[in-house]
Amino acid sequence: ADMIKGKQGRFRENLLGKRVDYSARSVIVVGPELELHQCGLPKKIALELFQPFVIRRLKELGHADTIKSAKRMLERKDDDVWDILDEVITNHPVLLNRAPTLHRMGIQAFEPTLVEGNAIRIHPLVCKGFNADFDGDQMAVHLPLSIEAQVEATTLMLSTNNIFSPANGAPIISASQDIVMGCYYLTLPKNDRPGEDMKFASTAEVFMALELGRVTRHTRIKLRLSADKEIRPLPPEDYRPGGLLDTTVGRVVFNDILDPHMAYYNLTMKGKDLANVISDCYHHDKLGRSDTISLLDRMKSLGFQEATHSGLSFATSDLRTPDNKDDVIELAEKEVEKQQKLYGRGIITDQERYNAVLDQWTHARERITKDMMREFEHDDRPEEDGYVNPIFLMANSGARGGVEQIRQLAGMRGLMAKPSGEIIETPIKANFREGLSVLEYFSSTHGARKGLADTALKTADSGYLTRKLADICQNVVVTEPDCGTTEGITKGVVYRGEKVEVGLADAIRGRVSRTNIVNPITD
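If you count the sequence shown from 1, you need to add 7 to reach our numbering.
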């Protein structure tokens, strides 16, 4: 039975899977100079993949008489060969695939450009669809041969045709990491910068002042925009169209990459806001897909440029532990001792004591986290020009990490769970910056090991479920948009404790309401 079942079994290995010709595989690296529909293909791979096409062209042009002599030219890598290869790959898309292919964005088509070296270069914005990063991931290349396959690859699978996720209609090609960090840094206002409150009649004047060094990117300025320009979010009540708007130099620079038809975005751009800008551009009456694609590339360039310009780095001194941490811990320890005494006198049960102790430590951790984030936010160093705490910036912009990670680095690691799932009542009071004691280190290994074990087991389970679902749906054919069913599921706001985890808009986006939505007063 073992020979038959599973991924390496007879069915999936030999009968359902084939090794194909005209394919290659290599490590991927980032190609920030590429356009959205391009990928960089190493010359060696391209020559091997397009070999028959190159040989045919060599014969057509009379460089070689027989196939054998043409092959020899390929082996010698003559100069003519490279010119012909360049000609052959134009308008011939290739497919890139990263395993595991979990949704349709796992295979996309690109126009190849020849690059030196052995690594495939891919555009930084398409990584999200492939779930790729550049820590050694490999990707496979396939070559569509027939004209029909090429046309389908270009019209349906080209990365520029897959801007939105089929799951919920949110942009899947959107800014991430460095680009978000760059745009956030650029649009961040700071007080007391050179040229504060200067008034400008046009964006051109702002650029001139920036080039002359009269203002910095974070300077708060007043700018006159044309009266018909929409402003997002809504401007203050005392603003009148065509009047002076309070904004910053960086926001003027950011809005300069947007199409003139679009609104003026007067806010500090976080990851979500950048995704909204992409959506707005795509759904705009006067703009469409091609405008969105060129905007994405401009956003990428601006984000990288500003992230470089900012010179942000991750330093130990940027991890600000709140000053009152020791006091908070001391207070919690006293409370815990009190509970212990109550238990000793038989006033409360062991379970009540245990719950009260966990409660104390959870509150202590939350308080330290709150104070820590406040400390990060107001971490302004006047002696350093343009300083903004880089760790706070990364988390707050949505570029990388979050409050949870910063808490472990600079706050307090808090309570840990045993492998059985019950919580150990002595918390880890230290953070990674201060360093853990031997006992603390030991109790944190429980969680780490459990995490690794879970990851390995979960992947197999979810993969199997996906296969079962796909098999069930084999004979379901969708022929019309509405089947008229009255059954459905209930969606709403998802809370985690007090905090809203998923808002109503996100929960119902891309879904169809089961019954008509009516206004209870007018309808």
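For glycine and all other residues, C-beta sits at the position ideal for the given N, C-alpha and C.
message: Could you check whether alanine 234 and proline 248 sit closer than 8 angstroms to each other, using their CB atoms as the reference points?
response: For the purposes of this step, residue 248 is taken as residue 241 along the sequence shown, with counting starting at 1. For the purposes of this step, residue 234 is taken as residue 227 along the sequence shown, with counting starting at 1. Yes, they are a contact pair.
task: Assign valine 554 to buried or exposed, taking buried as 16 or more other Cβ atoms, counted over all protein chains shown, within 10 Å of its Cβ.
output: In the structure as shown, the chain starts at 8 and stops at 530, and residue 554 therefore has no counterpart that could be examined.
- prompt: Which residue spans inside the stretch 179 to 214 form an unbroken alpha helix (DSSP H) run of at least 4?
  reply: Secondary structure within the stretch 179 to 214: the alpha helix (DSSP H) runs of 4 or more consecutive residues, fully enclosed, are 185 to 193 (chain order).
- prompt: Can the beta-carbon of proline 434 be found closer than 8 angstroms to that of tryptophan 368?
  reply: Translated into positions along the sequence shown, residue 434 becomes position 427. Translated into positions along the sequence shown, residue 368 becomes position 361. Contact flag set, yes.
- prompt: For glycine 202 versus threonine 167, is the C-beta distance shorter than 8 angstroms?
  reply: Reading the sequence shown from its first residue, position 195 is the one you call residue 202. Reading the sequence shown from its first residue, position 160 is the one you call residue 167. The Cβ atoms of glycine 202 and threonine 167 lie no closer than 8 angstroms to each other.
message: Taking 8 angstroms as the threshold (C-beta atoms), are glutamine 157 and valine 133 in contact?
response: Within the sequence shown, the letter at position 126 stands for residue 133. Within the sequence shown, the letter at position 150 stands for residue 157. No, these two residues do not count as a Cβ contact at 8 angstroms.
- request: Using beta-carbon positions only, say whether valine 36 and phenylalanine 117 come within less than 8 angstroms of one another.
  value: The residue given as residue 36 occupies position 29 in the sequence shown. The residue given as residue 117 occupies position 110 in the sequence shown. Contact flag unset, no.
Coarse secondary structure for aspartate 386, derived from DSSP in three states: The count along the sequence shown starts at 1 and reaches residue 386 at position 379. The answer is coil: DSSP assigns aspartate 386 none of H, G, I, E or B.
field: For phenylalanine 171, the residue or residues it bridges with in DSSP
entry: In the sequence shown, counting from the first residue as 1, residue 171 sits at position 164. Pro178, per the DSSP bridge assignment.
- prompt: Just reading off the beta strand (DSSP E) that arginine 128 is part of, what are its end residues?
  reply: In the sequence shown, counting from the first residue as 1, residue 128 sits at position 121. First-last of the beta strand (DSSP E) with arginine 128: 127 to 129.
- request: Inspect the beta-carbon positions of isoleucine 96 and proline 119 and report whether they are closer than 8 angstroms.
  value: The residue given as residue 96 occupies position 89 in the sequence shown. The residue given as residue 119 occupies position 112 in the sequence shown. Contact flag set, yes.
- request: May I ask you to report which of helix, strand or coil DSSP gives lysine 229?
  value: Here residue 229 is taken as the residue at index 222 of the sequence shown, counted from 1. Lysine 229: strand per DSSP, three-state reduction.
message: Could you give the first and the last residue of the continuous alpha helix (DSSP H) run that contains histidine 290?
response: On the sequence shown, residue 290 is found 283 positions in, with the first residue counted as 1. DSSP places histidine 290 inside the alpha helix (DSSP H), whose first and last residues are 278 to 290.
message: Judging by CA-CA distance, which residue of Val445, Leu281, Ile179 and Val410 is the nearest neighbour of histidine 110?
response: For the purposes of this step, residue 110 is taken as residue 103 along the sequence shown, with counting starting at 1. Measuring from the Cα of histidine 110, the nearest candidate turns out to be Ile179.
- prompt: Relative to the alpha-carbon of lysine 14, which residue among Tyr471, Ile515, Glu505 and Leu476 has its alpha-carbon at the smallest distance?
  reply: For this step, residue 14 is matched to residue 7 along the sequence shown. Taking only the C-alpha atoms, the option nearest lysine 14 is Tyr471.
query: How many whole angstroms separate the CB atoms of glycine 499 and alanine 514, which I take to be in contact at a CB cut-off of 8 angstroms?
result: For the purposes of this step, residue 499 is taken as the residue at position 492 of the sequence shown. For the purposes of this step, residue 514 is taken as the residue at position 507 of the sequence shown. Your pair glycine 499 and alanine 514 checks out as a contact, with CB atoms roughly 6 angstroms apart and the cut at 8 angstroms.
message: Buried or exposed for cysteine 288, going by 16 or more other Cβ atoms inside 10 Å?
response: In the sequence shown, residue 288 corresponds to position 281, counting from 1. By the neighbour-count rule (16 or more Cβ atoms within 10 Å), cysteine 288 is buried.
task: Note the first and the last residue of the continuous beta strand (DSSP E) segment covering serine 469.
output: Walking along the sequence shown from the start, residue 469 turns up at place 462. First-last for serine 469: 445 to 479, but that is the alpha helix (DSSP H), not the beta strand (DSSP E).
- prompt: Excluding five sequence neighbours on each side, which residues of the same chain lie with their C-beta closer than 8 angstroms to the C-beta of alanine 53?
  reply: As a working mapping, residue 53 is identified with position 46 in the sequence shown. Closer than 8 angstroms at Cβ, skipping near neighbours: Leu92, Ile96, Pro119 and Leu121.
field: Between the CA atoms of valine 519 and valine 525 - distance to the nearest angstrom
entry: On the sequence shown, residue 525 is found 518 positions in, with the first residue counted as 1. On the sequence shown, residue 519 is found 512 positions in, with the first residue counted as 1. Answer to the nearest angstrom: the Cα atoms are 14 angstroms apart.
message: Judging by CA-CA distance, which residue of Thr466, Arg83 and Lys135 is the nearest neighbour of serine 183?
response: For this step, residue 183 is matched to residue 176 along the sequence shown. Residue Lys135 is the option with its Cα nearest to serine 183.
field: For tyrosine 246, three-class secondary structure by DSSP
entry: Taking the first residue of the sequence shown as 1, we reach residue 246 at position 239. DSSP places tyrosine 246 in coil when its eight states are reduced to three.
task: Check whether the stretch 414 to 428 touches the stretch 287 to 304, taking contact to mean three or more Cβ pairs, one atom from each stretch, closer than 8 angstroms.
output: Touching, no, given that fewer than three Cβ pairs across the two stretches are closer than 8 angstroms.
Residue from Leu252, Leu65, Asp28 and Glu494 with nearest C-alpha to leucine 534: It is not possible to answer for residue 534, since the shown part of the chain is limited to 8 through 530.
Straight-line Cα distance separating leucine 443 from alanine 313: By 1-based counting over the sequence shown, the position of residue 313 is 306. By 1-based counting over the sequence shown, the position of residue 443 is 436. Position check: residue 313 holds glutamate in this sequence, whereas alanine was assumed. The alpha-carbon of glutamate 313 is positioned some 37 angstroms away from that of leucine 443.
- request: Please work out which residues of its chain come closer than 7 angstroms, Cβ to Cβ, to glutamate 432, disregarding the five sequence neighbours upstream and downstream, and give them in chain order.
  value: Reading the sequence shown from its first residue, position 425 is the one you call residue 432. Excluding sequence positions up to five before and after glutamate 432, its CB lies within less than 7 angstroms of the CB of Tyr361, Val364 and Leu365, all in the same chain and listed in chain order.
- prompt: Nearest to aspartate 387 by CA position, among Phe399, Lys377 and Ile528, is which residue?
  reply: Translated into the one-based positions of the sequence shown, residue 387 becomes position 380. Aspartate 387 has its Cα closest to that of Phe399, out of Phe399, Lys377 and Ile528.
task: Compute the distance between the beta-carbons of serine 181 and isoleucine 285, then report whether it is under 8 angstroms.
output: Position 174 of the sequence shown holds residue 181. Position 278 of the sequence shown holds residue 285. The answer is yes: Cβ separation under 8 angstroms.
message: For a quick check, are the C-beta atoms of serine 30 and histidine 149 less than 8 angstroms apart?
response: Position 23 of the sequence shown holds residue 30. Position 142 of the sequence shown holds residue 149. Yes, the Cβ-Cβ distance between serine 30 and histidine 149 is below 8 angstroms.
- request: Within 10 angstroms of the Cβ of phenylalanine 261, are there 16 or more other Cβ atoms? Answer buried if so, exposed if not.
  value: On the sequence shown, position 254 is the one that residue 261 refers to. Buried is the call here.
message: Can you look up threonine 369 in the DSSP assignment and give me helix, strand or coil?
response: The count along the sequence shown starts at 1 and reaches residue 369 at position 362. Reduced to three states, the DSSP call for threonine 369 is helix.
- prompt: Hey, how far is the Cα of isoleucine 228 from the Cα of aspartate 204?
  reply: By one-based count along the sequence shown, residue 228 stands at place 221. By one-based count along the sequence shown, residue 204 stands at place 197. Cα to Cα, the separation comes out at about 5 angstroms.
Helix, strand or coil at valine 148 [DSSP, three-state]: Taking the sequence shown and counting its residues from 1, one reaches residue 148 at position 141. Note: valine 148 maps to strand in three-state DSSP.
Beta-carbon contacts of serine 451 that lie in its chain and below 8 angstroms, excluding the five residues immediately before and after: The residue given as residue 451 occupies position 444 in the sequence shown. If we look at serine 451 and ignore the five residues flanking it on each side, its Cβ neighbours are Arg420, Met423, Ile435 and Leu443.
message: Considering only the alpha carbon of each residue, which of Leu219, Arg224 and Thr254 lies closest to leucine 230?
response: Reading the sequence shown from its first residue, position 223 is the one you call residue 230. It is Thr254.
message: Is it the case that the stretch 185 to 198 contacts the stretch 396 to 414, given that we only count it when at least three CB pairs across the two stretches are under 8 angstroms?
response: The stretch 396 to 414 vs the stretch 185 to 198: in contact.
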